[in-house]
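Asks:
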Amino acid sequence: MQGSDSQAGLDFVRAIVAEDLETDKWGGRVVTRFPPEPNGYLHIGHAKSICLNFGIAAEFGGTCHLRFDDTNPEKEEQEYVNSIIEDVRWLGWDWGEHLYYGSDYFEQMYEYAVQLAKAGKAYVCDLTAEQIREYRGTLTKRGTDSPYRNRSIEENLDLFERMRKGEFPDGSRTLRAKIDMGHPNLNMRDPVMYRIVHAEHHRTGDKWCIYPMYDWAHGLEDSVEKITHSICTLEFENHRPLYDWFLDELGAYHPQQIEFARLNLTYTVMSKRKLLRLVREGCVGGWDDPRMPTISGMRRRGYSPAAIRQFCTRIGVNKFNSTVDMALLEHCLREDLNKTSPRVMAVLRPLKVVITNYPEGQSEELDAVNNPEDAEAGTRKVPFSRELYIEREDFMEEPPKKFFRLAPGREVRLRYAYFVTCTNVVKDEAGNITELHCTYDPATRGGDAPDGRKVKATLHWVSAAHALEAEVRLYDNLFTEENPDEAGEGEDFVSNLNPNSLETVSARVEPSLAAAKPLGRYQFERLGYFCADAESSKEKLIFNRTVTLRDEWVKIQKGQTHKP
RNA sequence: UGGGGAAUAGUGUAACGGCAGCACAAAUGACUCUGGAUCAUUUAGUCAAGGUUCGAAUCCUUGUUCCCCAGCCA
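Terminal number for the first sequence in the working numbering: 561, no gaps in between.
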């Protein structure tokens, strides 16, 4: 093993898989699985697990199963199943024929339980939930045997069968593994295998009124599917001895479990419980709110599957808890979007500009490059006329040092159009700037001066008469704190919600955007990446800001205000 | 002395007894019809203390800190 370099550069999970392949531990097979519980929407943390499991299968010539771990009818819904299937597929992964449901194995699990009971390794217990907790002991104190622990095998078999038949009310009895109430690992103190719940299951309906506990079900699901590497998160490390015990007692196929650290990201929360709360309390518009770290939210925000996949490989895999900087996610996003997004011009906060020496009623079409990063993307026409809109923040009446954009008397370039010089500032009675008057230099058509003179800034713009109105939603971090859980006394993460995480503006966009399809991604030049909202239409254009462009000017401004 | 896991720049990771490397972030400069992109440069790290060794992030000892476990949730 030491001599082998096949593991160099691999993360520790892949290193194990590579070594197992080398030693032929599984007869050349690599079978992984992504086993979500359909009780919520998938988030970026799940993407890490999805990319790990499907990625390993793809890299090592194996297969990866998508399996719903649906053993708790009270929390699971078909809606979640549907969203999970959509999200995994959207991320670009394919499970082929291997779509499974834990509930499909209920009968087999039941038979396995009977086998254990027959071996005297499981018993029906009449203790209440509260009593079970008391009998379990504590972290430092051993537990006490249940008074029902030594029932006869016949009685256990009879009672368990009657549990299944529905003869007993919810919570009245459980089937427990007979292990060791003095075990230092609490999971080994006669864990519950089945509980009685008369609830309708989203797939099995009312066929069952006893449901397997996760610890009992999960290992069996992996075993039945002949998984080779059961990759899960750190908190299940303590459960591994229990899975081992079950599988060994049963003499069943035994996958290898490998635990890795779940993903944490700055400025957001990552547990289904907390995300559910944000949805239920109306802090966001729903599971797919573009501010949510859910896959569906990120999709609606304008993230590309490639960006998310790239992020998942960049963060690596490890066994210790860490918090990844949101900036890395945004870096991966920009990296992909820069290469793939067509550029367009849009003005978020319009300031009217009149080109006083441009003939009234005249207009022309100018050529604009669709994507300077992609020659194949070609060019398009953008209309130019006497009245335009530019970005309000691209003009300053009294420009500070290093402000290169438009100012009185200053010449700048309108992208792909002309050089213009500001000649007059029009204000209303309150002194607010309402309009700018400029002159243009006809010789600079297309954006270059034949005399070779330079300008320090290039501005984006739209023609007032041709521009389309659009609602643009400017998103920012959902939370103001890097770690939202760090809240004051008596408060929790909700108190760290960013009140400015969404600002809606009425923008003017170039006419080509009339063809924008829902979820279509664009770069609004000089502003950022934007995506047509899922509900955007020709009648009402809506764009979501995915992420801003990196902005040197913002940094300069910050520097100027910090050191006056 | 309950059990289990883990510690490498600000952040995320690599190095498998042999020059502590990469990326993000930050900073500086070049270039630019996006203050974008791109390119170059810089800042910054082995939890601590001992030990083994020619040589230790890596092996050993002791300690410190952090995470997980007391659901009939997963």
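Backbone N, C-alpha and C define an ideal beta-carbon position, used for all residues, glycine too. Bear in mind the structure is a predicted one, so any value in this text is a computation, not a measurement.
Tell me which residue opens and which closes the beta strand (DSSP E) that W458 is part of.
Replies: For W458, the enclosing beta strand (DSSP E) stretches over residues W458 to S460.
Asks: Give the straight-line distance between the Cα atoms of V459 and S492, rounded to the nearest whole angstrom.
Replies: 40 Å
Asks: Please tell me whether M342 and V366 are closer than 8 Å, where the distance is taken between their beta carbons.
Replies: no
Asks: DSSP state of F157, grouped into three classes?
Replies: helix
Asks: Tell me the start and end of each unbroken alpha helix (DSSP H) in the region 76 to 154 that is at least 4 residues and wholly inside, in chain order.
Replies: You should have 103 to 115 and 126 to 133.
Asks: Does G216 come out as helix, strand or coil in the three-state DSSP assignment?
Replies: helix
Asks: Going straight from the alpha carbon of P369 to that of R340, what length do you get?
Replies: 9 Å
Asks: Let me confirm a value: R331 is counted as buried when at least 16 other C-beta atoms fall within 10 Å, else exposed. Which label applies?
Replies: buried
Asks: Measure from the alpha carbon of N354 to the alpha carbon of each residue in I387, D438, I176 and G179, then state which is nearest.
Replies: With respect to the C-alpha of N354, the residue from I387, D438, I176 and G179 having the closest C-alpha is D438.
Asks: Which of the three DSSP states, helix, strand or coil, is assigned to L345?
Replies: coil
Asks: How about I207 and I224: are their beta carbons less than 8 Å apart?
Replies: no
Asks: Would you list the one or two residues that DSSP bridges to V409?
Replies: Answer is V417, bridged to V409.
Asks: Taking the Cβ atom as the reference point for each residue, do L345 and I312 lie within a distance shorter than 8 Å?
Replies: Going by C-beta atoms, L345 is not nearer than 8 Å to I312.
Asks: Does DSSP put G202 in a helix, a strand or coil?
Replies: G202 falls in the strand class under three-state DSSP.
Asks: For the pair the region 53 to 63 and the region 93 to 105, tell me if three or more CB-CB distances fall below 8 Å.
Replies: yes
Asks: Thinking C-alpha only, which one of F401, V469 and L433 is nearest D425?
Replies: When each option's Cα is compared against that of D425, the closest is L433.
Asks: Mind the definition here: the region 283 to 290 touches the region 306 to 320 only if three or more C-beta pairs lie below 8 Å; say whether that holds.
Replies: no
Asks: Does the region 176 to 186 come close enough to the region 132 to 150 to have 3 or more Cβ pairs within less than 8 Å?
Replies: yes
Asks: In three-state terms, what does DSSP make of D322?
Replies: Three-state DSSP puts D322 in coil, outside helix and strand.
Asks: From the DSSP output, in three-state form, read off Y519 for me.
Replies: strand
Asks: Using a Cβ-Cβ cutoff of less than 6 Å, which residues in the same chain neighbour D219 once the five nearest sequence positions on both sides are dropped?
Replies: S227 and P252
Asks: Look at the Cβ atom of L172, then the Cβ atom of M190, and state whether they are nearer than 8 Å.
Replies: yes
Asks: Please state the DSSP three-state secondary structure of K560.
Replies: With a pLDDT of only 47 at K560, under 50, the local geometry of the prediction cannot be trusted, and no value is derived from it.
Asks: In this structure, what does DSSP give as the bridge partners for A249?
Replies: For A249, which the question treats as bridged, DSSP gives no partner whatsoever.
Asks: May I ask you to report which of helix, strand or coil DSSP gives E527?
Replies: According to the sequence as given, residue 527 is Phe; it is not Glu. The answer is strand: DSSP assigns F527 an E or B state.
Asks: Thinking C-beta only, is G299 closer than 8 Å to Y526?
Replies: yes
Asks: If you draw a straight line from the alpha carbon of V350 to that of L231, how long is it in whole angstroms?
Replies: Taking the straight line joining both Cα atoms gives about 59 Å.
Asks: Who are I553's beta bridge partners in DSSP?
Replies: BP columns for I553 are empty, so no partner.
Asks: Which residue from Q520, E131, S149 and E127 puts its Cα closest to that of S169?
Replies: E127
Asks: Rounded to the nearest angstrom, what separates A15 and Q4 at their Cα positions?
Replies: 7 Å
Asks: Thinking C-beta only, is P302 closer than 8 Å to L88?
Replies: yes
Asks: Applying the 10 Å Cβ sphere with the 16-neighbour rule, what's the burial state of T441?
Replies: buried
Asks: Taking I255 as the reference, which of Q557, D17 and A55 has the closest Cα?
Replies: D17
Asks: Cα separation between E373 and C528?
Replies: 21 Å
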